[in-house]
Amino acid sequence: MTAADSASSSEAGPKLALTDDQWRERLTPQEFAVLRRAGTERPFTGEYTDTKTEGVYQCRACGAELFRSSEKFESHCGWPSFFDPADSDAVILRPDDSLGMRRVEVVCANCHSHLGHVFEGEGYPTPTDQRYCINSISLRLVPSAH
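Here it is as structure tokens:
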């Protein structure tokens, strides 16, 4: 199954549904712009772009577990890259035809916040041949306890 095939056409509403004003109270203006308005942080500026810390990456908006450090890899694209979500139900993939191109948007399954996009067939040596290109500002890393 490809990323585009798994985009849900009968997508249910988010488990955590807040108004824009409630989201603005919880998020910084920069977080709101990316998570709730599908913005993108500038490449090579994000907090987790080059992070090697082991742990779990949660949705910054709602705290849902999205990715694990064991699935993070160096893509040199300017944003954190993962080859698979922590749980197949952690994210929703949906078509994104903005910017005059066909892409697949990645959103948090719990709160429907924008995380980034997923690309496939780029030739990275990963088990899935997918690159979940995720905005650092959409994530919060919880380091593993050693």
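Taking the UniProt record's numbering, the leading residue of the sequence shown gets 1, the next gets one more, and so forth.
Quick reminder that beta carbons are idealized off the backbone N, C-alpha and C, glycines included.
Computed from a predicted structure; not experimentally measured.
Among the options, nearest to residue i - alpha-carbon criterion
{"i": "residue 86", "options": "98, 105, 96, 64", "result": "64"}
{"i": "residue 13", "options": "112, 133, 140", "result": "112"}
{"i": "residue 39", "options": "50, 106, 69", "result": "106"}
{"i": "residue 50", "options": "73, 100, 32, 120", "result": "73"}
{"i": "residue 66", "options": "91, 126, 96", "result": "91"}
Nearest-angstrom Cα separation, counted from residue j out to residue i
{"i": "residue 138", "j": "residue 83", "result": "17 Å"}
{"i": "residue 37", "j": "residue 143", "result": "28 Å"}
{"i": "residue 130", "j": "residue 102", "result": "16 Å"}
{"i": "residue 29", "j": "residue 128", "result": "34 Å"}
{"i": "residue 75", "j": "residue 124", "result": "8 Å"}
{"i": "residue 156", "j": "residue 122", "result": "There is simply no residue 156 to check, as the chain begins at 1 and stops at 146 in what is shown."}
Proximal residues to residue i (C-beta, below 6 Å), its chain only, five neighbours per side dropped
{"i": "residue 98", "result": "none"}
Nearest-angstrom beta carbon gap, residue j and residue i [assumed within contact, 8 Å]
{"i": "residue 34", "j": "residue 135", "result": "5 Å"}
{"i": "residue 133", "j": "residue 59", "result": "With a Cβ gap of about 16 Å, residue 133 and residue 59 do not count as contacting."}
Residues near residue i in its chain [Cβ-Cβ closer than 7 Å; skip 5 each side]
{"i": "residue 110", "result": "14, 15, 16, 59, 62, 64"}
Ranges of the beta strand (DSSP E) found wholly within the region 43–110, counting only runs of at least 3: Counting whole runs of 3 or more residues, the region 43–110 contains the beta strand (DSSP E) stretches 55–59, 65–68, 91–96, 103–108.
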